[in-house]
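Counting the sequence shown from 1 gives a position; my numbering is that position plus 63.
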Amino acid sequence: MSLNLEDIDRDNCKFQVIGKGNKKRWCFYSKDSAILLEKYIQYYRHKPHKALFTAKHPLTEIITRLSYHRVYSLWRELTNQSPILTGVRLHDLRHTFATERVGLMGIEELRALMGHSHIQTTLKYQKVTSLRAEQVAQNALQILLKND
64 MSLNLEDIDR DNCKFQVIGK GNKKRWCFYS KDSAILLEKY IQYYRHKPHK ALFTAKHPLT
124 EIITRLSYHR VYSLWRELTN QSPILTGVRL HDLRHTFATE RVGLMGIEEL RALMGHSHIQ
184 TTLKYQKVTS LRAEQVAQNA LQILLKND
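Next comes the structure, spelled out in structure tokens:
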């Protein structure tokens, strides 16, 4: 929630965040997200404020940075509308990001994207599912049979 508009490189679909220990890192977003972000900036963001995500008080019309508490409330409203989302936390989005990418990129690259200082933290996401293990075993068997 602490992102400012100037923190976003809209031409290259990336933004800079400050993580634990005041460490800066780049995060990236898709072209589809870029389209939605541009619409948000054009139609919904309150222009005079430097924050990317803003709120306007209904009575005083004071524009402020969108608070974590408000985001949490909106998230709870959204997740309560669908039984399948009940209990899903905002942090689960980060966990899902890491879990889905662990097999698609090197563990060191994922560590950098996640902003982890220690590779052991990232390695917790490296879980081999039984389905994936079966696929690897079947592929290995096919290679061995071809070489006979």
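Even for Gly, the Cβ is constructed at its ideal location relative to N, Cα and C.
No experiment lies behind these values; they were computed from the predicted model shown.
task: To the nearest angstrom, report how far apart Asn-212 and Phe-116 are at their CA atoms.
output: Past the edges of the chain, shown from 64 to 211, lies residue 212, and the structure says nothing about it.
query: Distance, Cα to Cα, Glu-140 vs His-109?
result: 23 Å
Segments assigned beta strand (DSSP E), at least 3 residues, entirely inside the segment 72-155: 77-81, 87-91, 117-119, 126-128
task: Give a yes or no on whether the C-beta atoms belonging to Val-151 and Thr-142 are separated by under 8 Å.
output: yes
field: Span separating the alpha-carbon of Met-168 from that of Ser-93
entry: Taken atom to atom, the span from the alpha-carbon of Met-168 to that of Ser-93 is near 17 Å.
- prompt: Taking the alpha-carbon positions, what's the Ile-84 to His-132 distance?
  reply: The question names Ile, yet the displayed sequence has Gly at residue 84. Whole-angstrom Cα-Cα distance: 23 Å.
query: How about Thr-185 and Ile-206: do their beta carbons lie closer than 8 Å?
result: Taking 8 Å as the cut-off, the Cβ atoms of Thr-185 and Ile-206 do not count as close.
Among His-112, Tyr-135, Arg-73, nearest to Ile-98 - alpha-carbon criterion: Arg-73
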